Every structure is written in C-alpha cells, then in structure tokens.
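Participant:
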Amino acid sequence: MPSVLDRKLLRDIRAIRGQALAIALVIAAGVALFVMALGTLRALEGTLEAYYAEYRFADVFAPLVRAPDRLARDIAAIPGVAVVQTRVSGPATLTVPGRPAPIAGRVTSVPVSGQPDLNRLYLASGRWPSADNPDEVLVDQPFARAVGLRPGDGLTAIVDGKRRRLRIVGLALSPEYIYALAPGQLVPDAGSFGVVWMGRKAAAAAFDLEGAFNDVALRTARGARVESMIARLDDLLARYGGTGAYARKDHSSHAFIRNELDGLVATGSVAPPIFLAVAAFLLNMVVARTIDRERQQIGLLKAFGYTDIAVGWHYVKLVIALTLAGVALGEVVGAWLGKELAELYTEYFHFPILRYELTADVLVGAAAVSLLAGLLGTAFSVRRAVKLPPAVAMRPPEPPRYHRGLLDRLRINALADPATRMVLRNLVRRPLRAGLTTLGLATAVALLVGSLFMRESIQRLIDIELTLAQRQDLFVTFTDATEPAAMHELRALPGVLRVQPVRTVPAKLRFGPVERRVSVQGLSQDGALHRVVTSDGRPLPPPGVGIALSDKLARILGAGRGDSVTVAVLEGRRPVRRIPVTVVAQQYVGLAAYMDLDRLNRLMGEGANLSGADLQVDARRLEEVYDALLERPRVAGVTRRSEVLGGLRRTLDRNLMLMILFFVGFAGVIAIGVVYNSAHVALAERTRELASLRVLGFTRGEVSYILLGELAVLTLAALPLGCILGHGLAWAMVRAYDTELFRMPLVIEADTYAWSMLTVLLAAIASGWLVRRRIDHLDLIAVLKSRE
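All the letters of the sequence shown, read from the start, carry residue numbers 180 to 967 under the numbering used here.
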C-alpha cells in the first residue's frame with residue numbers, strides 16, 4: 180500500500196503534469212539521440228566484427244604487377260604471416276543487357292574448389308562456379324539487384340582488352356566490398372560499379388597471368404608487428420611491381436565504414452549533453468518552485484515526525500519519476516530511430532545481415548546518465564528542503580529585500596509604463612533565473628545552427644571539390660603508365676574538346692617518424708580541367724618547384740612550407756627523394772599531394788608517361804565518347820563527374836535533410852520546454868499578484884504582457900547568444916568529423932541563423948499562447964482567498 184508521501188507524490192505530479200511532460204520530452208530527446216547513435220554504433224561494430232571473423236577478412240593487402248606463384252612460399256616465410264592468399268584481380272568493363280551504357284567493374288579470382296582462405300564470400304543465392312566452365316562467375320548482390328541480374332543471366336565483360344561472355348551462377352557478398360566504390364566515386368552507387376568473381380584459372384587466362392598473381396592478401400599471426408611485416412613484404416614485392424602493401428585500416432571499404440562510425444560517436448557525444456543540461460535546469464526550476472509552494476507542508480511533515488531524510492527522499496523521488504518518464508520515452512523512440520538508421524545504412528553497407536539489438540548497457544547507461552544529470556541539477560533545491568527547520572517552514576517566507584537597482588540609477592523606469600517597469604524589475608531582481616532561461620533557449624538556437632549548417636557546409640565542399648577543382652566531364656584511368664601518344668588518340672575522338680594529362684603514382688611520404696601512403700598527382704601548369712583550389716575558391720597552379728600537400732596531410736606529417744619530406748615512390752624504378760614543401764592547400768577529401776607533371780615524370784625517370792587524362796566533351800556526344808573509351812583495352816575505367824556529383828546531391832538531399840528534420844524537432848522540444856516551464860513557474864509564483872492587478876482594473880492583455888513580456892525579453896536575448904553558441908557547436912562538429920577521408924568546411928550562411936532563430940521564436944510563441952490561455956482563465960476569487 181502506498182505511503183502518505185507516495186500519494187502526495189502522485190498528486191504533485193498531477194498538479195504539474197504540463198511541466199512534467201515538457202521536461203520528459205526534453206530528456207527523451209537527449210536519450211533518444213544517445214540510444215540511436217550508440218545502439219546503431221554497437222550494431223554496426225558487432226556486425227562488422229562478426230562478418231570479418233566469419234569470412235576471414237584479411238589484415239594486409241598488397242597489389243603488384245606480376246609475380247610467380249612460387250613467391251607465395253617466400254611471403255609465407257615472413258615473420259608474423261599466418262595465412263597467404265594470392266589471387267588475380269583487375270579492372271573490367273561490364274555490359275548488362277537492357278543497359279545502354281557500359282559499367283565499370285572489377286574481376287577477382289576465387290578457387291573453383293571452394294572458398295578462398297581469406298576474404299571469403301557469402302553466397303546469397305545460386306552456386307559456386309564450376310571448374311568445367313570458365314565462363315561461370317559470381318556477381319556482387321547489390322550490383323545485380325540494381326541492374327536487374329539474377330543467376331542464370333548473362334553479361335559481357337571486357338577484361339584486359341578482350342571481350343568475354345559470362346554466365347552468372349550466383350550472387351555473393353564480400354567483406355572487401357561492404358562499402359563498394361567505383362574509381363572516383365565519393366558515395367557508393369550499386370548500379371555504377373560491379374564486382375565479378377571468376378575461377379582462378381579463367382581469371383589468370385583473361386589477364387595473361389597464368390602461373391602468376393597480381394594481388395596478395397595476408398592474415399597476421401597474433402602479436403605480429405604489422406608495420407615491420409609490411410616493410411618486409413614491400414621489399415619482397417618491389418621487383419615484381421609492388422605498389423605498396425597496406426593494413427586493413429587503410430583499406431578503402433574499411434576506412435569509409437570507420438569514418439561513418441566515428442560520425443556516430445560524434446553525434447552521440449555532442450548533442451545529448453545539451454538536452455540533459457537543459458533538462459537539469461528545468462528540473463531544478465520545477466522542484467525549487469514545488470518546495471517553495473509546499474514550504475508549510477514540509478514544516479508540518481517534520482513536525483509530525485518525518486525525518487529530514489524522508490522529506491529529502493520524497494523530492495528525490497519526484498526527480499526520479501520525471502526523469503525516468505523521459506528516459507522510458509526516449510529509449511523507445513531511440514530504439515525506433517536506431518533501427519531506422521540501421522536500415523538506412525544497409526543501402527550503403529552491404530552485410531549479409533545487420534542485427535540491431537539494443538544491449539542492456541546502452542539502456543542502463545542512458546538511464547544512469549539522465550538520472551545523474553537530474554539529481555545533480557536539483558541537489559541544491561532538495562538540500563534546501565532537507566535543511567529547512569520546521570519552525571521556520573511554518574512561517575511565511577521572509578519577503579525579499581529590494582533596493583535601488585541599475586534600472587533606477589539609469590532612470591530607465593521613468594521612461595517606461597508601469598507594466599514594462601514590472602517586467603524589467605522582475606528580470607533584474609532574479610538575474611540567475613533570467614540567465615539560465617536565456618541560456619536554455621540559446622541552446623535550442625545553437626542546436627539548430629549546429630545541424631542546419633551541415634547542408635551548406637557539404638554544399639561548399641561539393642562546389643570546391645567537384646565544380647571548381649575538377650571541371651572535366653570525364654576522367655579516364657589507364658591500366659598502366661601510358662606514353663603521351665595516347666593524348667593524341669583521345670583528342671581525335673569525335674566530341675572531345677580538350678584533354679589534360681594526369682600522372683598519379685603511389686608513394687610513401689615521410690617526415691620525421693610519421694609516414695603516410697598517398698597518391699602523388701602530377702598536373703600540368705596550364706591545366707584548366709583539374710586544379711588545386713584553396714578553401715576560398717582560388718585556383719593554385721602546381722608548384723614549379725617542390726610538392727604541394729593538402730592541409731590535413733601536412734598536419735598529420737607535422738610538415739609545413741619550407742620543410743622537406745621524403746617521397747618514396749612505390750612503382751617503376753621506385754625512386755626516393757627529399758622534396759621541399761612549397762604549398763599547403765586546404766582540401767576536404769582524402770590526403771592529397773601534387774607536383775608539376777613534368778617534374779614528377781623526371782622524378783620517375785620514365786619519360787613523359789601518363790596514368791590518366793581529364794576530358795572536356797561536347798555534351799551532345801558525351802555518351803558516345805564514354806562508350807568508345809570503355810571499349811579501349813588500355814582504359815581501366817571512366818568516371819563521369821556528373822554521376823559523382825549527382826550521387827552526392829542525392830545522398831545530401833535524402834539523408835541530411837532527414838537528420839535536419841530530427842534536430843529541428845528536438846530543438847523545438849527544448850524551446851517549448853524552457854518557455855513553457857519558465858512561464859508556468861512564473862505564473863505559479865505571481866498568480867496572486869496578477870489576479871490583484873486584474874481586480875485593480877488591468878486588462879487580460881496587460882496582465883499577460885507583464886508575465887509574457889519577461890519571456891519575450893529573454894527569448895530575444897537568447898537569439899543572438901544562441902547564434903554565437905551555434906557557431907561554436909558547428910566548429911565542434913567540424914572538428915569531430917575531421918578525418919583522413921573527409922573534412923567539412925565551417926560555412927554558416929545568414930539564412931541558417933535566420934531559420935534557427937525563427938524556429939525557436941515560433942516555439943516560444945506557441946508556448947506563450949498556451950500560458951496566455953491559463954492567464955485568461957484565472958479564477959480571481961479562488962486565487963485571492965486567504966492562503967491560510
């Protein structure tokens with residue numbers, strides 16, 4: 180049977196049900212974000228770990244040109260190597276029935292006898308290729324679904340310049356292609372890139388690699404030193420055209436997934452504390468007002484024998500009840516949001532199965548953090564109730580002592596009407612509450628600025644990287660270094676207006692103890708199709724002397740202008756040179772290094788070879804040129820800038836807008852919660868005063884103005900403060916998303932501030948309207964009755 184205090188607790192909650200709901204919604208918003216981010220993070224990490232383990236994703240990868248199969252024994256003898264998997268792999272051009280344009284693809288060998296030792300495949304449907312039929316292949320499932328292929332269908336592939344008719348016998352998934360990107364893509368598009376797995380013998384014949392391999396994957400032994408093992412492997416593969424081994428952390432698919440997981444960590448660590456801080460403030464406001472209102476009841480309870488601990492525990496239970504209500508709602512909403520987010524990720528991350536299961540530690544952690552915030556926020560008020568002596572509690576509270584304040588000294592009161600003077604005096608006499616209310620509303624504005632800016636930020640990134648820096652229509656990648664005569668062939672294609680040669684070489688850049696594997700791009704001085712562009716849109720020509728580094732790469736290496744970095748090229752004659760850094764340019768995608776094309780070719784010592792070209796094409800003949808390029812045997816791939824740009828914009832419009840809508844809703848919850856609670860507390864404190872003014876002849880509008888005018892002043896004061904805090908929050912988000920793969924520029928346009936302030940202003944007006952209705956329905960007789 181509930182005790183007297185428990186029944187009182189229920190009555191108290193019913194009496195403040197509107198305020199309790201507002202507080203619960205603020206807590207629920209913070210908990211929902213926390214559960215969504217952490218729950219999805221756990222689901223992705225758990226799925227990733229299980230997938231890698233079950234399908235034996237390799238620890239080290241090493242591409243090369245050609246090595247005999249017998250070299251596998253020497254690789255296996257390297258200390259730390261547990262498993263060696265050699266294979267044949269290379270680019271291909273795929274033609275799908277019903278699709279007019281060829282599609283970029285990649286062919287990788289698998290044993291026809293069964294699963295490989297590493298990077299095993301999940302067979303989603305169909306069967307394994309037969310040793311008796313070299314044209315049987317597996318195709319990655321997302322690509323097959325996107326283009327409408329099924330087991331039993333056929334497709335045509337151009338492999339090493341030779342056209343082959345292939346028959347699909349199964350659809351598969353691989354841990355290597357969880358996040359599958361075509362060359363030049365920034366976001367995956369399943370219909371524009373396909374992976375084909377072919378029997379080892381058939382693949383070797385297609386690439387003219389019988390008795391040889393051009394790709395190797397390794398599993399390391401427990402406790403192995405990966406960096407030293409990679410160095411030994413590079414030395415071994417150098418004479419066979421090795422372009423530099425790299426660890427799993429640098430594998431493109433794994434790196435993009437880790438980048439997304441880091442983003443979830445940022446989401447779960449930046450926003451929820453804001454909500455919980457606001458909730459703690461609101462709880463303190465409500466509990467403090469409840470204790471003031473029940474001052475005489477506290478005295479009676481203590482006089483009748485209730486201990487200080489019992490009284491304190493009663494108000495602690497009020498805090499716990501309000502907090503747990505928000506936690507329960509937040510965990511339900513967060514679980515739903517997390518499941519929806521996980522479903523959204525399956526469009527980009529291709530797992531055999533993604534299990535979203537909330538673990539107890541996530542739910543308990545959310546509840547514990549919320550309770551801690553609530554209890555800390557109300558500790559002072561509860562302590563005041565505990566320390567209140569019964570005799571003092573039974574007496575009316577000591578009236579506040581007033582004195583001439585700032586308004587009187589500045590003679591502002593003389594210029595204002597009586598109602599406005601009441602508004603200003605009440606604000607000045609309670610500066611702490613006014614400041615905290617303003618700060619609470621400012622956090623709502625800040626949260627909106629910190630979410631809305633991301634659209635403008637990513638739009639600026641797209642403009643710089645894909646409009647100003649890259650102005651080509653097509654980017655052609657050759658299978659290997661090609662002589663300059665290829666430029667004449669490209670210029671001769673009907674519809675090609677301009678050709679700009681590009682040389683890209685893999686290299687390790689070292690400065691002091693820090694080293695990074697990057698691609699060094701050689702650009703021509705007069706190039707207009709592919710340029711280095713600064714953050715403010717200014718094009719920079721390739722340095723006539725030295726090397727240009729992106730600012731992120733320079734920070735990682737610890738190098739600046741004037742320093743010399745060691746450039747160890749990983750192909751050809753593998754030269755090693757110390758080259759001065761002459762330019763550091765701010766860029767937002769990847770780690771980049773640039774040199775003058777002629778100087779890079781002199782460094783390579785191979786003549787004026789090229790690895791690709793940028794093409795400007797007549798728009799009317801773009802498809803014709805695209806198809807013609809993919810038919811050429813030395814072309815490894817062709818990237819359309821319009822497709823990359825379109826994919827980015829589609830992702831931006833779909834996913835980012837969804838996130839912004841969530842944050843707009845959450846910010847509205849904060850604004851409504853702060854304004855509604857502040858107004859209700861003020862109304863409860865000043866009900867007698869306002870009713871007296873009504874009796875003295877003040878109209879409903881004038882009485883409402885006295886109360887809501889304070890909130891209007893605080894709201895207007897919160898708007899510019901929120902913009903300042905929002906700029907800081909946006910800066911923190913930019914820092915949180917600063918990775919080697921992706922950075923965001925800090926761009927906040929005026930309309931972002933305007934929409935953020937307008938949203939909070941509308942939420943405040945809605946809350947004020949609800950309070951105005953309460954004021955209009957005041958029972959003057961009941962209010963003015965004696966309190967005794």
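For glycine and all other residues, C-beta sits at the position ideal for the given N, C-alpha and C.
As the structure is a prediction and not an experimental result, all values here were calculated from the model.
1) Need the endpoints of the beta strand (DSSP E) that M774 sits in, please.
2) Assign G905 to one of three DSSP states: helix, strand, or coil.
3) For my contact list, L388 and R245 are in at a C-beta cut-off of 8 Å; report their separation, rounded to the angstrom.
4) According to DSSP, simplified to helix, strand and coil, what is S703?
5) Rounded to the nearest angstrom, what separates V843 and V289 at their Cα positions?
6) By alpha-carbon positions, which one of A547, H859 and N463 ends up nearest to L503?
7) For A973, which three-state DSSP category applies?
8) With a threshold of 16 other CB atoms inside 10 Å of the CB of V950, please say whether the residue is buried or exposed.
9) If you draw a straight line from the alpha carbon of T918 to that of G826, how long is it in whole angstroms?
10) Taking the alpha-carbon of L809 as reference, which of E233, A207, I282 and G277 has the nearest alpha-carbon?
11) So what does DSSP say about E967, is it helix, strand or coil?
12) Which term fits M912, buried or exposed, when burial requires 16 or more other beta carbons within 10 angstroms of its beta carbon?
13) Look at the Cβ atom of M923, then the Cβ atom of L640, and state whether they are nearer than 8 Å.
14) Taking the continuous alpha helix (DSSP H) assigned at I347, which residues delimit it?
15) According to DSSP, simplified to helix, strand and coil, what is T819?
16) Using a threshold of 8 Å, state whether the C-beta atoms of I954 and S883 are closer than that.
17) Which class does F657 belong to by DSSP, given the choice of helix, strand or coil?
18) DSSP beta-bridge partners for M783?
19) Give the range of the alpha helix (DSSP H) segment to which N312 is assigned.
20) In angstroms, rounded to a whole number, what distance separates the CA positions of Q651 and G218?
21) Run through the DSSP bridge pairs and tell me what D394 is partnered with.
22) Could you tell me the distance, in whole angstroms, from the CA atom of T683 to the CA atom of Q264?
23) Grab the span of the alpha helix (DSSP H) containing W515 for me, first residue to last.
24) Measuring straight from C-alpha to C-alpha, what distance separates E967 and L840?
25) Kindly indicate the opening and closing residues of the alpha helix (DSSP H) around A328.
26) Would you report the Cα separation of L702 and T622, rounded to the nearest angstrom?
27) Helix, strand or coil, according to DSSP, for G284 in the structure here?
28) Using the three-state DSSP reduction, which class does H433 fall into: helix, strand or coil?
29) List the residues that DSSP assigns as beta-bridge partners of G333.
30) Ends of the alpha helix (DSSP H) at S182?
31) Which residues in the same chain have their Cβ closer than 6 Å to the Cβ of D394, if we skip the five residues on either side of it in sequence?
32) When the Cβ atoms of the segment 344-363 are set against those of the segment 247-266, are three or more pairs found closer than 8 Å?
33) Please confirm whether T761 and A787 have their CB atoms less than 8 Å apart.
34) Would a C-beta distance cut-off of 8 Å place A434 and L920 closer than the cut-off?
35) DSSP on P451, reduced to helix/strand/coil?
Facilitator: Once the coordinates are examined:
1) A771 to D775
2) helix
3) 6 Å
4) coil
5) 50 Å
6) A547
7) Nothing can be reported for residue 973, as the shown portion of the chain is limited to 180 through 967.
8) buried
9) 21 Å
10) I282
11) Unreliable positioning characterises E967 in this predicted model, as indicated by a pLDDT of 44, which lies under 50. A coordinate reading is not provided.
12) buried
13) yes
14) That residue, I347, is in no alpha helix (DSSP H); its beta strand (DSSP E) goes K341 to L352.
15) A quick correction: the sequence has Arg, not Thr, at residue 819. Correct three-state label for R819: strand.
16) yes
17) strand
18) DSSP output for M783 lists no bridge partner at all.
19) Unbroken run through N312: none, as it is neither H nor E.
20) 42 Å
21) P242 and R266
22) 27 Å
23) D487 to Y524
24) Low confidence applies here, because E967 scores a pLDDT of 44, under 50, leaving its location unreliable and the question unanswered by this model.
25) In the sequence as presented, Ala is not what sits at residue 328; that position holds Leu. Looking at the DSSP string, L328 is not in any alpha helix (DSSP H), and its letter there is neither H nor E.
26) 47 Å
27) strand
28) helix
29) R346
30) That residue, S182, is in no alpha helix (DSSP H); it is neither H nor E in DSSP.
31) P242, R266 and S268
32) no
33) no
34) yes
35) helix
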